[in-house]
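Written below as structure tokens is the structure these notes are about.
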Amino acid sequence: MAEEKRILYEHLDVPDINTFDVFRQYDGYTRFEKAIAEYQPEDIAKMVMDSGLKGRGGAGFSTGLKWSFVPKDIKPCYLCCNADESEPGTFSNRYVLEKNPHLLIEGILICCYAMGIETTYVYIRGEFTLGKKMLDAAIKEAYEKGYLGKDVRGTGLNIDIYTHPGAGAYICGEETGLIESLEGKRGQPRNKPPFPAVEGVFGKPTVVQNVETLCNLPFIVGNGVEWYTQMGPTYADTRSDPPTPDPNTGTKLYCISGDVNEPGVYELELGLTSTELIEVAGGLRGEEVKAVIPGGSSAPILTHYELDTRLDFTSLTLAKSMLGSGGIIVMNETRNIVDCLLNIMKFYAHESCGQCTPCRWGTPWVRDIVQRIADGNGRKSTITRPKFGVAENGRWGDTGETEEIYEDLDLLESVANNIANVDTMTWNTICVFGIAVSWPAVSYMRKFRPEFEAAIREGKLVTLSVAEATVPPEENYAYQQRFVPKEFADL
Amino acid sequence: MAFIKLNDLEVEVEDGTNIVEAARQHGIEVPHYCYHPGLSRPANCRMCLVEPYVFFPPAGAIVPDRQLATGCTTTVRTAPPDRKLDGKYDFIVQTDSPRVKKAREDILEFLLVHHPLDCPVCDQAGECDLQDFSHRHGHDKSRYLEVKNVPPKKDLGPDVLLYSTRCIVCTRCIRFCEEVSGSGELGLINRGSHDEIDIPRSHDGTPIQVLDNKLAGNVVDICPVGALISKDFLFKSRPWFLEKADSVCTGCSVGCNITVEYKPDGVYRLKPRFHGDINQYWMCDDGRLGYHYVNSDDRLQLPLKRVDDELTPTHWADALTVITENLSEVAAEDIVVIGSAQGTNEDNYVLQQFAHDVLQTTQLGLFGQLPGEAHKFPQFTIEADKNPNTAGARTILGSANGDHVVLEGDALWEKVSGAKVVYLVSGAPERPLEAAEKAALESVDFLIVQDILPSEVTELADVVLPGTTFAEKDGTFTNSTGWVQRIRKAIDPPGEARADWEITQQLAKQLGGEINYHFAGEIALAIAENVPGYGDATHQKIGDAGIKLT
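Chains A and B supply the protein sequences, listed in that same order. Just so it is clear: in the first sequence, position 228 is 228 by our numbering, and no numbers are missing. Just so it is clear: in the second sequence, position 260 is 260 by our numbering, and no numbers are missing.
Quick look at the structure:
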């Protein structure tokens with residue numbers, strides 16, 4: 001059985017770790033001191049690049065690469081710490097904020113040193129009142145001890161941290177929406193390019209990093225790149241010749257919720273499968289796994305056929321899903337997928353910022369269609385049409401059979417794809433909220449189509465058995481993997 | 001200049017042009033709502049999606065970009081020689097590929113899901129972008145079965161109504177109030193599909209601030225749908241019944257380019273017309289709503305003469321005879337001729353010629369509206385001088401046929417109070433008289449007033465001659481910055497009113513003078529010949545864009 005590998009959370013349960021003195025006893029701030037004593041800023045940036053650290057906020061973009069996009073000659077440059085953790089099913093950052101805020105401050109200090117940043121804004125979700133209180137107290141302490149403020153520890157660095165509470169909008173977790181909100185405007189994402197690395201807070205270059213990403217920095221600096229890269233798989237990107245390494249290094253704070261016996265945050269190496277994760281979380285509650293949401297509610301769902309998919313950035317991307325923020329929601333056989341989708345769509349329809357057309361009016365539309373199906377008012381045509389699927393010759397095409405037409409399912413798929421097309425991965429919206437809506441809508445519907453059809457046919461929600469409810473992979477292109485990732489070491 | 005491939009066309013456009021403008025320059029329509037050339041570009045309507053092409057190294061070929069790009073924010077630049085696409089193009093873009101067409105259809109479908117489809121009762125129908133683009137690019141039927149949002153109708157200010165149901169939240173109006181007028185009255189309330197445009201309100205819904213800035217009317221023009229509606233024009237006419245004439249606003253000396261929209265029975269509305277150096281895309285509400293005097297029932301339609309201390313309607317021949325009789329025995333130095341800053345250059349030129357050649361007086365004055373308030377906005381200016389042609393009238397009265405001093409203000413009224421006959425061309429609607437002016441005019445033995453409406457000036461007159469407004473005549477105005485621009489006749493003058501220069505010319509003929517013009521353009525030729533600086537100011541050369549005096 002897989003073991004927890006606690007690095008970020010190692011000292012989380014130590015009493016009073018939120019105070020400077022206790023934190024100091026557990027190597028607190030020594031990594032930062034090591035960084036300024038032993039390394040030049042460029043060395044830190046190179047270490048982060050070499051470590052293969054990927055942003056933990058959701059997109060999984062390489063942190064080192066992101067830092068390299070920041071122009072070196074434009075000052076001031078800002079660091080924006082994204083602590084607006086609002087993806088349903090995700091709750092790892094709040095523990096760091098509430099229990100070990102000094103770790104975040106140390107991460108911020110290392111990032112500021114590496115990038116020559118003097119001002120950091122921590123944008124905290126408005127509901128995290130305790131987290132903000134603890135972080136504010138820790139920042140105050142760090143100022144008193146001389147780790148923040150003018151001339152940090154006599155090094156000549158000036159580093160300030162300001163905390164800013166959000167006002168309760170999901171979209172303010174999107175980096176440009178966050179920046180707009182931070183600047184005091186309506187929380188609506190910006191058009192990209194320019195990316196925040198070039199033009200961010202107050203029009204200056206800005207590094208936007210998730211709490212978890214920043215918390216990784218002290219350990220990369222403290223223990224070295226080699227130690228860090230040993231954790232997690234490194235895949236080979238065979239699209240280029242010779243293959244380039246695609247690292248999924250480090251640990252991830254998996255937030256496991258749903259039908260498991262011991263839900264909670266588990267820090268594990270990247271690259272474990274859903275089955276292993278469920279074991280770690282005390283095993284499944286119920287008879288069998290019906291579905292697993294791998295990365296927060298916006299990620300496409302995984303069926304019981306896909307439980308051996310490794311939960312890391314690359315594997316999930318290739319499985320047409322995403323690791324996202326690591327919010328894993330497990331569902332057992334009692335869950336109705338139509339009901340789940342309705343719940344998620346209600347959330348997204350409510351949280352759409354309303355800036356651009358497809359999302360503003362598409363998301364409530366999708367919600368209304370799902371609502372209608374769940375209410376038993378879904379439409380089904382009286383005529384049939386040729387069924388497409390894997391034909392006799394083994395290729396995609398007309399199977400020679402006929403299928404019934406469920407108009408509302410076609411409409412749901414079409415409307416969701418018009419917001420953001422999940423097959424081509426293109427979106428007509430300004431930000432990726434669009435794809436966060438259509439991804440669950442389309443994947444739930446394609447993978448659990450029998451349950452949707454039953455709801456329309458019976459005129460009420462019907463929970464089918466796992467085997468009946470799930471479309472097998474060979475019958476559905478929603479599963480199609482682009483290729484199976486190979487570990488770099490195996491090549 | 002960048003060399004781009006636009007669909008099948010190979011065209012050159014200037015660096016920094018966006019795709020919407022580049023396509024427009026070459027006759028291709030890229031539909032858009034939120035983009036307005038005079039405002040910032042949030043790219044929120046997503047209607048102007050186009051398909052740019054990029055070089056994709058793995059395939060070694062130029063392929064459509066993975067994502068469609070918004071045409072309003074995608075600008076064209078000259079690429080360095082090694083980055084040219086296909087060896088020669090700086091940019092390749094498709095505005096009518098199947099992907100683009102599909103995206104447009106989808107966006108239009110979303111725009112229409114909550115739209116009430118009340119075109120039959122909507123003021124905007126006929127000039128509505130939503131209507132036009134739906135017709136050209138949209139679906140033929142709706143797939144929307146759910147309940148539509150019905151946000152309330154709102155009264156935003158003195159002249160603007162908001163039909164929220166029709167709003168597509170393009171935020172043009174908000175950006176206008178932020179960027180051009182700088183007053184920021186408008187904002188978005190609520191979130192997501194419940195987004196509404198609104199003014200600041202207290203909790204019980206009473207407005208804290210209303211949309212009453214001097215440029216508020218422009219939000220109605222730039223609204224691409226029928227959401228923002230002018231109360232002044234509401235339910236007056238279908239836009240397709242309106243004829244249009246290019247003209248210049250007479251509200252102040254800025255000289256905003258406008259379109260007079262009219263039917264035979266009167267002027268229905270004024271709309272701003274683009275001029276890059278004068279008014280951009282905008283005009284102020286004083287000008288926009290200040291046309292009502294043209295349609296007034298009180299307009300002077302017949303000449304009036306004073307009989308037993310009362311102004312009585314008469315006919316032209318009689319009025320001219322009365323004037324001739326009174327003028328015949330008066331010495332030239334007892335006559336003052338006063339031109340109007342509301343009149344065209346042509347009116348003033350004929351008047352000047354009449355004074356110089358026929359009356360042989362050198363006592364010329366200039367009359368017009370009293371100065372008002374000047375307003376300065378971030379991107380717009382309203383001048384204090386409320387006459388459209390002060391500069392032109394002053395030059396033409398003064399410098400044609402030798403240098404004269406054109407009297408204005410106190411000097412003029414001093415001269416008037418000593419005069420026996422005064423010929424005053426007014427044309428300024430609702431012009432109040434100040435005490436000194438009134439006293440001076442009362443002391444005149446015989447006062448001829450040429451005006452468009454009964455006013456304090458006409459009350460003092462012995463003979464009143466009915467003139468015309470800007471909407472009823474051709475001519476040119478010179479604005480405060482030296483732009484000479486044309487106004488064009490839209491409607492016929494009421495009753496027997498005539499163009500001012502025609503009246504002056506008739507009077508000159510009556511007195512034996514030889515002024516003989518047939519139309520305003522002919523006078524402009526004479527101006528070009530005789531007035532220093534106006535050498536190019538013929539109607540042909542002025543055209544639509546105007547010319548700037550050097």
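Every residue gets a Cβ at the ideal spot worked out from N, C-alpha and C, and that includes glycine. Nothing here was measured: the structure is a model prediction, and the numbers come from that model.
- Around residue 349 of chain A, the beta-carbon contacts reaching into chain B at under 9 Å are 192, 193.
- For the set B:35, B:269, B:426, B:208, the Cα lying nearest the Cα of residue 460 of chain B is the one of B:426.
- The secondary-structure analysis by DSSP pairs residue 63 of chain B across a beta bridge with B:54.
- Only 73 from the segment 70-94 of chain B bring a Cβ to less than 7 Å from some Cβ of chain A.
- With the criterion set as a beta carbon lying under 9 Å from some beta carbon of chain B, the members of the segment 349-365 of chain A are 349, 350, 351, 352, 353, 354, 355, 356, 357, 358, 359, 360, 361, 362, 363, 364, 365, in sequence order.
- Inter-segment contact for the segment 197-216 of chain B and the segment 266-285 of chain B is present: three or more beta-carbon pairs are separated by less than 8 Å.
- Using a Cβ-Cβ cut-off of 8 Å, residue 114 of chain B is close to 361 of chain A, given in chain order.
- With its beta carbon at least 9 Å from every one in chain A, residue 479 of chain B lies outside the interface.
- Under the three-state reduction of DSSP output, residue 104 of chain B falls in the helix class.
- Any Cβ of chain B closer than 9 Å to the Cβ of residue 368 of chain A would place that residue at the interface, and such an atom is present.
- Using a CB distance cut-off of 9 Å, residue 191 of chain A counts as an interface residue toward chain B.
- At a cut-off of 9 Å between beta-carbon atoms, residue 332 of chain A makes no contact with chain B.
- Contact annotation for residue 43 of chain B against chain A: 191, 356, 430 [CB-CB distance below 9 Å, chain order].
- By the CB criterion at 9 Å, residue 115 of chain B and residue 130 of chain B fall inside the cutoff.
- Residue state for residue 68 of chain A is assigned as helix, using DSSP reduced to three classes.
- Residue 52 of chain B places its beta carbon less than 9 Å from that of residue 69 of chain B.
- Contact check for residue 221 of chain A and residue 34 of chain A: beta-carbon distance about 6 Å, within the 8 Å limit, so the pair qualifies.
- Residue 375 of chain B sits in a strand when the DSSP states are folded into three classes.
- In the three-state scheme derived from DSSP, where H, G and I count as helix and E and B as strand, residue 403 of chain A is classed as strand.
- Secondary-structure assignment with DSSP links residue 257 of chain B through a beta bridge to B:248.
- Close to residue 67 of chain B, with beta-carbon spacing below 8 Å, are these residues of chain A in chain order: 426, 427.
- The residues 20, 23, 48, 71, 95, in chain order, have a CB closer than 6 Å to that of residue 30 of chain B in the same chain once the five nearest residues on each side in sequence are set aside.
- The continuous alpha helix (DSSP H) containing residue 359 of chain A extends over residues 357-374.
- If you draw a straight line from the Cα of residue 436 of chain B to the Cα of residue 221 of chain B, it is about 42 Å long.
- For residue 186 of chain A, the residues of chain B that pass the 7 Å Cβ criterion are 188, in the order they occur in the chain.
- Annotation: Cβ neighbours of residue 411 of chain A in chain B (cutoff 9 Å, chain order): 143, 145.
- Taking a Cβ-Cβ threshold of 9 Å, none of the residues of chain A is close to residue 288 of chain B; the smallest such distance is about 30 Å.
- Three or more beta-carbon pairs separated by less than 8 Å link the segment 163-171 of chain A to the segment 126-142 of chain A, which places the two stretches in contact.
- Cβ atoms of residue 420 of chain A and residue 435 of chain A come within 8 Å of each other, at about 4 Å.
- When DSSP states are grouped into helix, strand and coil, residue 231 of chain A belongs to the coil group.
- Excluding the 5 residues flanking it on each side, residue 239 of chain B has same chain C-beta neighbours closer than 7 Å at 126, 127, in chain order.
- Residue contact check for residue 418 of chain A against chain B: a CB pair falls below 9 Å.
- Contact of residue 30 of chain B with chain A is not assigned, every C-beta pair being separated by 9 Å or more.
- Close to residue 118 of chain B, with beta-carbon spacing below 9 Å, lies no residue of chain A; the smallest spacing is near 18 Å.
- In the DSSP assignment, residue 539 of chain B falls within the unbroken alpha helix (DSSP H) covering 539-542.
- For residue 332 of chain A, the enclosing beta strand (DSSP E) covers residues 327-332.
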